[in-house]
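Quick note, the sequence shown lines up with residues 640 to 823 if you use our numbering. Reading through the structure tokens given below for one structure.
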Amino acid sequence: MEPIFPAVPVQILPRPAARITLRRLAVLDLADFQAYRQSEELSRYQGWVPQPDSEASAFLKEMGAAELFQPGVWGQIGIADGSDDKLIGDIGVCISADGQHADIGFTLSATYHGKGLASEAVRETIAMLFEVSKIQSVIGVTDSRNISSIQLLERVGMKLTSIDRAVFRGQDCDEHTYIVERPL
């Protein structure tokens, strides 16, 4: 089997874009991380739930040192404001065990909504994944009620491929699966 990462650059992160920087999470991000991760509205459709500072701090420390993009393991990348490096959100990435695709999920502080920053971060993450791995596609799954995420996934060029019945946090829902394929 061919390696998933044929020639991973020595330093993938930080990765600056026009207005954001993708970077490692750090314990020093705790206050900013908790500011958005404590929001019930933001966590409503997420796989995570708000947690106490001690657990959040341990998570930030773990993610700051974790080996990136290990097949079958979710990892978080920070989204920082490009002008001052303040943490404004994060993106979860999980490469499939077979190395064929990556799943992504994203959260952005409500303060920064409506400015195109999440779209920029997701586009940059997708580009990075295609550059540093041999994955063939990137997948985003969202609840049908999460209109903002649906609009973002469509804005970054992902195509709706299925709508499936699911149970999320004890509630029946429809999940929309979006995919973008590796450019030719």
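All C-beta atoms, glycine included, are put in the ideal place defined by N, C-alpha and C.
{"Asked": "Residue(s) in a DSSP beta bridge with Ile-778", "Found": "Asp-742 and Ile-818"}
{"Asked": "Nearest-angstrom Cα separation, counted from Arg-676 out to Glu-814", "Found": "22 Å"}
{"Asked": "Beta-carbon separation (whole angstroms), Thr-764 vs Ile-716, contact threshold 8 Å", "Found": "7 Å"}
{"Asked": "Own chain residues within Cβ distance below 6 Å of Cys-733, not counting five before or after", "Found": "Trp-713 and Asp-742"}
{"Asked": "Close-in-space but distant-in-sequence residues of the same chain around Arg-662 (CB under 6 Å, 5 per side omitted)", "Found": "Leu-652, Pro-653, Gly-717 and Ala-719"}
{"Asked": "Pro-691 Cβ short of 6 Å to the ligand MG heavy atom set", "Found": "This structure does not include the ligand MG; it has no bound ligands of any sort."}
{"Asked": "Beta-carbon proximity check, Gly-728 vs Thr-746, cutoff 7 Å", "Found": "yes"}
{"Asked": "Proximal residues to Val-806 (C-beta, below 8 Å), its chain only, five neighbours per side dropped", "Found": "Cys-812"}
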